[in-house]
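Here is the structure we will look at, set down as structure tokens.
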């Protein structure tokens, strides 16, 4: 997990990047428009968001009981449940399960991002691939997510193409986004077929 100083340093650098500021000035109004458009069409989502917030508060207040219930449920259906006190414990547990020298494919997970599971598994000699497009782009460019839902929103099309080429995806910035996505799918399909381990998370 990054320290406050690292986060502040990243934020300062980002705020001084004129290309990034120009890109965000273009993208963010479009994102806001889409959100408002969806809320106009589906006004019940506001109530749903409030309900989700209530459930989140309840879950935090009753975390110990709910955690025990979830772990018991996993065991009851034949799974194994592990409890980690820290990021280090979580990485160690996952590392022991995965082992070494494996091809690992990973679904988008903010928890795994926060605890640095990709880097840890790579240090153990594993090949790790993100399967979420935004996270794959960031992985290819050794970048961090700038947003939980649209993690690569801060990148230009040229950067996206450059990063994807660096891991072997045959793309360029002149291609339509749909063609870039199609080629990434082909690239990832091979990883899925060869994968030894799949990881998903919250």
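In this note's numbering, the protein residues as written are 195 to 396. Glycine included, each C-beta is placed from N, C-alpha and C at the ideal position.
I'd like to check one pair, residue j with residue i: are the Cβ atoms closer than 7 Å?
i: residue 298; j: residue 391; result: yes
i: residue 386; j: residue 363; result: no
i: residue 330; j: residue 324; result: yes
i: residue 304; j: residue 345; result: no
i: residue 275; j: residue 268; result: yes
i: residue 348; j: residue 360; result: no
i: residue 367; j: residue 351; result: yes
i: residue 294; j: residue 327; result: no
Do you know offhand how far residue i's Cα is from residue j's?
i: residue 216; j: residue 223; result: 12 Å
i: residue 394; j: residue 238; result: 29 Å
i: residue 280; j: residue 302; result: 20 Å
i: residue 220; j: residue 242; result: 29 Å
i: residue 199; j: residue 306; result: 21 Å
i: residue 203; j: residue 270; result: 46 Å
i: residue 284; j: residue 308; result: 11 Å
i: residue 211; j: residue 218; result: 11 Å
i: residue 290; j: residue 266; result: 21 Å
i: residue 333; j: residue 229; result: 27 Å
Is it right to say residue i is buried, meaning 16 or more other beta carbons lie within 10 angstroms of its own, or is it exposed?
i: residue 273; result: exposed
i: residue 256; result: exposed
i: residue 232; result: exposed
i: residue 354; result: buried
i: residue 261; result: exposed
i: residue 357; result: buried
i: residue 383; result: exposed
i: residue 259; result: exposed
So with Cβ pairs under 7 Å, would you call residue i a contact of chain D?
i: residue 238; result: Of the protein chains in this structure there is only one, and it is not chain D.
Can you tell me where the beta strand (DSSP E) holding residue i begins and where it ends?
i: residue 387; result: Per DSSP, residue 387 belongs to no beta strand (DSSP E); it is in the alpha helix (DSSP H), 371-388.
i: residue 250; result: Run containing residue 250: none in the beta strand (DSSP E); it sits in the alpha helix (DSSP H), 238-255.
i: residue 322; result: 321-324
i: residue 271; result: Neither: residue 271 is in no beta strand (DSSP E) and is coded neither H nor E.
i: residue 300; result: 297-300
i: residue 392; result: 391-393
Taking residue i as part of the alpha helix (DSSP H), name the residues at either end of that continuous run.
i: residue 338; result: Counting along the chain, residue 338 falls outside any alpha helix (DSSP H), and DSSP gives it neither H nor E.
i: residue 212; result: 212-235
i: residue 365; result: Residue 365 -> no alpha helix (DSSP H), and no H or E assigned at all.
How about the stretch 280-299 and the stretch 308-318: do they share at least three Cβ pairs that are nearer than 8 Å?
yes
Taking 8 Å as the threshold, find out whether the stretch 247-256 comes into contact with the stretch 355-375 through three or more Cβ pairs.
no
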